[in-house]
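Some notes on the structure that comes next.
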Amino acid sequence: MTNDSGAPVRPVDWNSMWTAKARSLRPARLARIVNSFMGVPGIVGMHGGLPPADAFPISSISFGLGPMAGGGVLDISGPKDTVAAQQYCFAPSGYEPLRARLHALTLAQQRPQGAVQVNVTCGSTYGLDVVLDLLLERGDPLLLEEYTYSHALEAQLMPKGFELLPVAMDAQGMLPSALESLLSRRRAEGLRMPRAMYVIPSGQNPTGAAMGPARRAEIYEVARRYDLVIVEDDAYSWLQYPDGEGAVPGLAGLQRERLAAGAGSRGRHSVEAGVPAAFECQSPCNSRVLTC
35 MTNDSGAPVR
45 PVDWNSMWTA
55 KARSLRPARL
65 ARIVNSFMGV
75 PGIVGMHGGL
85 PPADAFPISS
95 ISFGLGPMAG
105 GGVLDISGPK
115 DTVAAQQYCF
125 APSGYEPLRA
135 RLHALTLAQQ
145 RPQGAVQVNV
155 TCGSTYGLDV
165 VLDLLLERGD
175 PLLLEEYTYS
185 HALEAQLMPK
195 GFELLPVAMD
205 AQGMLPSALE
215 SLLSRRRAEG
225 LRMPRAMYVI
235 PSGQNPTGAA
245 MGPARRAEIY
255 EVARRYDLVI
265 VEDDAYSWLQ
275 YPDGEGAVPG
285 LAGLQRERLA
295 AGAGSRGRHS
305 VEAGVPAAFE
315 CQSPCNSRVL
325 TC
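What follows is the structure, given as structure tokens:
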């Protein structure tokens with residue numbers, strides 16, 4: 035396999051990327067047993083602590099839609115949907131109808147190269163936290179933009195004790211030349227080389243920078259040469275006009291071997307207050323996320 039310039043693409047050795055925690059993770063055996071009996075006709079489940087359908091208090095839900103959603107009222111009254119909304123979800127990847135819809139949306143909007151896996155997570159902060167735990171130990175170096183999302187910085191990156199390596203930016207975000215210079219200098223000085231970078235390519239927080247297609251390809255090429263995994267926080271690419279001038283897909287639209295978590299719409303807002311939803315796509319990293 036080669037990249038756009040004809041250079042060979044070296045597959046990521048994911049086994050060398052995992053932290054001690056990631057390597058020790060195993061699927062829960064009890065959950066696997068419970069899943070094998072879910073939905074089997076004639077079985078009354080006394081396992082798993084799942085309440086019977088007639089024990090739930092809500093039989094229908096109505097949502098008034100605003101002008102941006104076309105107005106009107108959305109009614110959810112079928113027992114299948116209302117029960118599912120109140121029942122425990124044992125699916126590791128998330129509620130399957132939602133996961134499937136997000137998978138289709140990712141394929142249509144992001145146009146990722148190769149196969150894609152989507153997991154639903156309980157909010158953006160949780161999703162990022164899990165991915166970082168899989169890839170980095172305390173004290174490990176992590177590349178990030180010179181200015182970055184303050185909540186991620188203060189609530190996650192700094193408390194986890196990473197060695198933070200800021201990379202200079204311009205109006206299109208992270209500078210490939212600055213990234214290359216930092217990495218080559220560390221290698222020449224015999225310093226620990228980072229394995230991952232955290233990047234916000236669209237509507238960068240707090241600068242508002244947006245990476246164009248050429249810049250994204252350059253960043254990806256540097257990551258390929260230095261064997262870096264990209265943790266992409268890409269909530270805002272979903273807010274651009276998909277057919278508008280200058281619209282670009284996320285880094286998932288490039289060669290995707292190095293994308294640990296193309297975090298599409300790391301939702302900070304939800305239909306129901308207090309019930310955040312986010313989803314992550316790409317890479318073998320997701321199979322590890324499912325066991326966390």
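Using the working numbering, you'd call the opening residue of the sequence shown number 35 and step up by one each time. Each residue gets a CB set at the ideal place from its N, CA and C atoms; glycine is no exception. Computed from a predicted structure; not experimentally measured.
Practice problem: Output the distance between the C-alpha atoms of ARG302 and PRO126, rounded to the nearest integer angstrom. | Solution: For ARG302, the pLDDT reaches just 39, beneath the cut-off of 50, and the residue's location in the model is therefore unreliable, leaving the point undetermined.
Quiz prompt | Length of the line joining the Cα atoms of PRO175 and ARG57 | solution = 19 Å
Exercise. Answer with buried or exposed for VAL271, where buried requires no fewer than 16 other C-beta atoms within 10 angstroms of its C-beta.
Key: First, the residue type needs correcting, since residue 271 is Ser and not Val in the sequence shown. By the 10 Å Cβ count, SER271 comes out buried.
Quiz item: Which residue's Cα is closest to the Cα of LYS114: LEU136, ALA134, GLY106 and PHE90?
Solution: PHE90
Quiz item: From this set, ALA243, VAL154 and ARG145, which residue's C-alpha is nearest PRO131's C-alpha?
Solution: VAL154
Practice problem: Could you tell me if the beta carbon of GLU214 falls within a distance shorter than 7 Å of some heavy atom in the ligand GTP? | Solution: This structure does not include the ligand GTP; it has no bound ligands of any sort.
Practice problem: Evaluate the contact criterion for the segment 86 to 104 versus the segment 189 to 206: three or more CB pairs, one atom per stretch, below 8 Å. | Solution: no
Quiz item: What is the DSSP secondary structure of ARG220, reduced to helix, strand or coil?
Solution: helix
Practice problem: Please list, in chain order, all residues of the same chain as TYR122 whose beta carbon is under 8 Å from its beta carbon, the five residues on each side excluded. | Solution: GLY82, GLY83 and LEU84
Practice problem: Give the DSSP-derived three-state secondary structure of GLY207 in the structure shown. | Solution: strand
Quiz prompt | C-beta atoms of PRO235 and SER184 nearer than 8 Å | solution = no
Quiz item: Closest to GLN190 by CA distance: which of LEU136, SER94 and ASP167 is it?
Solution: ASP167
Practice problem: Look up GLU179 in the DSSP assignment and give the residues it is bridged to. | Solution: VAL201
Quiz item: Using the C-alpha atoms, what's the distance from ALA149 back to SER299?
Solution: Confidence is the limiting factor: at SER299 the pLDDT is only 47, short of 50, which leaves the residue's position unreliable, though a coordinate-based value still follows. Spanning the two alpha carbons is a distance of roughly 19 Å.
Exercise. Give the straight-line distance between the Cα atoms of GLU171 and ARG220, rounded to the nearest whole angstrom.
Key: 19 Å
Practice problem: Would you tell me roughly how many angstroms separate the C-alpha atoms of VAL265 and ALA257, rounded to the nearest one? | Solution: 11 Å
Quiz item: Relative to the alpha-carbon of GLY242, which residue among THR182, LEU169 and HIS137 has its alpha-carbon at the smallest distance?
Solution: THR182
Self-check item: ILE95: first and last residue of the uninterrupted beta strand (DSSP E) it sits in
Solution: 95 to 98
Practice problem: Could you pull the start and end residues of the beta strand (DSSP E) that VAL265 belongs to? | Solution: 263 to 268
Quiz item: Hey, would you say PRO200 sits closer than 8 Å to GLU180, going by beta carbons?
Solution: yes
Practice problem: Go through its chain and collect everything with a Cβ distance to PRO228's Cβ below 7 Å, but skip five positions before and after it. | Solution: PRO175, LEU176, LEU177, LEU199 and LEU262
Quiz item: Considering only residues of the same chain and omitting the five flanking positions on each side of ILE77, which have a CB-CB separation below 7 Å?
Solution: PHE71
Practice problem: Measure the C-alpha to C-alpha separation of ARG250 and GLY173 and round it to an integer number of angstroms. | Solution: 28 Å
Exercise. Can you have a look at MET192 and say buried or exposed, based on whether 16 or more other CB atoms are within 10 angstroms of its CB?
Key: exposed
Practice problem: Taking GLY363 as the reference, give the member of ARG145, LEU141 and ALA186 with the closest Cα. | Solution: Outside the displayed range of the chain (35 to 326) lies residue 363, so it cannot be described from this structure.
Exercise. Return the CA-CA distance between ALA103 and VAL152, expressed in angstroms with no decimal places.
Key: 25 Å
Practice problem: Go to TYR254, then tell me how far its alpha helix (DSSP H) extends in each direction, as first and last residue. | Solution: 247 to 259
Exercise. Please report the Cβ distance between GLY237 and ALA244, rounded to the nearest whole angstrom; I am assuming they are in contact, meaning their Cβ atoms lie under 8 Å.
Key: 6 Å
Quiz item: With a CB to CB cut of under 8 Å and the five nearest residues on each side skipped, what residues in its chain are close to VAL107?
Solution: SER96, PHE97, GLY98 and LEU99
Self-check item: Residues sharing a beta bridge with ALA230, DSSP
Solution: VAL263
Practice problem: Evaluate PRO45 with the Cβ neighbour count: other Cβ atoms within 10 Å of its Cβ, from every protein chain shown; 16 or more gives buried, anything less gives exposed. | Solution: exposed
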